[in-house]
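Okay, structure first, notes after.
There are 2 protein chains.
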Amino acid sequence: MTRERPGNPVVLDATARAVLDRFSSFAGGDGGSDEGGLQNCPVRNVLDRVGDKWSLLILIALSHQPRRFAALQREVGDISKRMLTQSLRTLERDGLVARQVFPTKPPAVEYSLTALGESALPPIAGLVGWAAMAHDEIRAARQGFDAAAG
Amino acid sequence: MTRERPGNPVVLDATARAVLDRFSSFAGGDGGSDEGGLQNCPVRNVLDRVGDKWSLLILIALSHQPRRFAALQREVGDISKRMLTQSLRTLERDGLVARQVFPTKPPAVEYSLTALGESALPPIAGLVGWAAMAHDEIRAARQGFDAAAG
DNA sequence: GGGATATGGTCTCGGATGTAGACCACCTAT
DNA sequence: ATAGGTGGTCTACATCCGAGACCATATCCC
């Protein structure tokens, strides 16, 4: 198999490299020794949460300050009540978001980030930063691709 | 009752704060001036890609070296051919992944990261690192939640 | 020659998942 | 009395996803 770049597969700083290597060590490196795959990694569980459309948005919306249900829905914009409820439950179950009920006349419910939830903000900000940076290039790539392959 | 921390909503370094603020400035800050919501933000487009279950995993799998279709499927583990094809197309369209066909007897197809795709690796590594760190705490939170609320 | 196997996909079907919107019990303001 | 806001739940309907069949080709093995 030529077409491999033996010593230098991808340019990436050592820290990130180590993190990713450790993560995919579940796949048996590249020799294909044991064909387990990434799906057995415990980190996958956490990543799958992040990987659902709404969690990230909700976390970001809560990063400013605690918010109530309706305010949250308005801020995210195009999320249905059902999915907001469901996502918040999951986030609460995972300990990223705290739910507090105030026994006012119509009970108010306030959602806020826990310490754990706040700890997710820097990595999320990293991702958002990258997205902002890459956005133009991605849009250009899409146009090129669509033009070529109609 | 102590539930609001007026001047200090969330402890977060200035860079990350700025990134998130900029992102959610589409929601009109916190005054609720114009109720646009996050959905109008161009970054949402990019974030939605990240927010699908497989893209992240594929990018990580490719971070080691270029891979062929079947190898990729084996590495990710529980992805169907259909979704792998579809995700790879999207990634290719977005300019994160390059597809190269070798006209061998049964044509081999190799997928690799583009420079843009590689630029996504550090933020992804940040996320994976967080996931690894938070994993234990999250699992504990889940157990607590499930125990409390059946 | 006739399987068996591998390649990279596509296609179809049935079930899971998401969305829109009605509905609810309660309260306030008009 | 009526309208609207609170936090949700419930029910249709639409969309999406995963499993697996299928394809054209070529190679290996007997």
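As they're listed, the protein sequences go chains X and U.
Position 130 (the first sequence) corresponds to 130 in this note's numbering; numbering is contiguous.
Position 83 (the second sequence) corresponds to 233 in this note's numbering; numbering is contiguous.
All C-beta atoms, glycine included, are put in the ideal place defined by N, C-alpha and C.
List the endpoints of the continuous alpha helix (DSSP H) containing residue i.
i: A120 (chain X); result: Looking at the DSSP string, A120 (chain X) is not in any alpha helix (DSSP H), and its letter there is neither H nor E.
i: Q250 (chain U); result: From DSSP, Q250 (chain U) is part of no alpha helix (DSSP H) but of the beta strand (DSSP E) over V247 to F252.
i: S230 (chain U); result: Premise fails: S230 (chain U) is in no alpha helix (DSSP H) and is neither H nor E.
i: D163 (chain U); result: Segment: none, D163 (chain U) is in no alpha helix (DSSP H) and carries neither H nor E.
i: W54 (chain X); result: K53 to L62
Residue i CB to nearest chain U CB: under 7 Å?
i: R68 (chain X); result: no
i: V46 (chain X); result: yes
i: V19 (chain X); result: yes
i: L84 (chain X); result: no
i: S80 (chain X); result: no
Would you kindly work out how many angstroms separate the C-alpha atoms of residue i and residue j, rounded to a whole number?
i: T264 (chain U); j: S87 (chain X); result: 33 Å
i: R93 (chain X); j: G294 (chain U); result: 8 Å
i: S230 (chain U); j: R224 (chain U); result: 10 Å
i: L209 (chain U); j: G95 (chain X); result: 28 Å
i: L84 (chain X); j: A71 (chain X); result: 11 Å
i: L277 (chain U); j: G51 (chain X); result: 11 Å
i: G179 (chain U); j: R99 (chain X); result: Confidence in G179 (chain U) is poor, its pLDDT being 39 and thus under 50, which makes the residue's placement too unreliable to answer from.
i: T240 (chain U); j: K105 (chain X); result: 49 Å
i: V247 (chain U); j: D228 (chain U); result: 20 Å
i: C191 (chain U); j: H64 (chain X); result: 17 Å
i: S112 (chain X); j: K53 (chain X); result: 19 Å
i: R139 (chain X); j: P272 (chain U); result: 21 Å
i: N45 (chain X); j: R22 (chain X); result: 15 Å
i: T15 (chain X); j: A166 (chain U); result: 19 Å
i: A258 (chain U); j: L266 (chain U); result: 24 Å
i: A147 (chain X); j: A299 (chain U); result: 53 Å
i: R82 (chain X); j: R232 (chain U); result: 28 Å
Can you tell me which of the options puts its alpha carbon nearest to the alpha carbon of residue i?
i: F252 (chain U); options: U:G267, U:G227 and U:R218; result: U:R218
i: D226 (chain U); options: X:T15, X:A148 and X:S24; result: Correcting the residue type first, residue 226 (chain U) is Val in the shown sequence and not Asp. Nearest of X:T15, X:A148 and X:S24 to V226 (chain U), Cα basis: X:S24.
i: A168 (chain U); options: X:S112, X:R17 and X:G129; result: X:G129
i: R199 (chain U); options: X:H135, X:A149, X:R82 and X:A147; result: X:H135
i: P66 (chain X); options: X:N45, X:A148 and X:E110; result: X:E110
I believe residue i touches residue j by the beta-carbon criterion, under 8 Å. Please report the beta-carbon distance rounded to the nearest angstrom.
i: L206 (chain U); j: L62 (chain X); result: Contact flag wrong, Cβ pair sits at about 22 Å.
i: A282 (chain U); j: V43 (chain X); result: 5 Å
i: A302 (chain U); j: L20 (chain X); result: The question about residue 302 (chain U) has no answer here: the residues shown for chain U are numbered 151 through 300.
i: E118 (chain X); j: L162 (chain U); result: 7 Å
Any C-beta of chain X sitting closer than 7 Å to the C-beta of residue i?
i: G201 (chain U); result: yes
i: R292 (chain U); result: yes
i: S237 (chain U); result: no
i: L209 (chain U); result: no
i: G279 (chain U); result: yes
i: A258 (chain U); result: no
i: L241 (chain U); result: no
i: V193 (chain U); result: yes
i: G245 (chain U); result: yes
Return the first residue and the last residue of the beta strand (DSSP E) that residue i is part of.
i: A108 (chain X); result: A108 to L113
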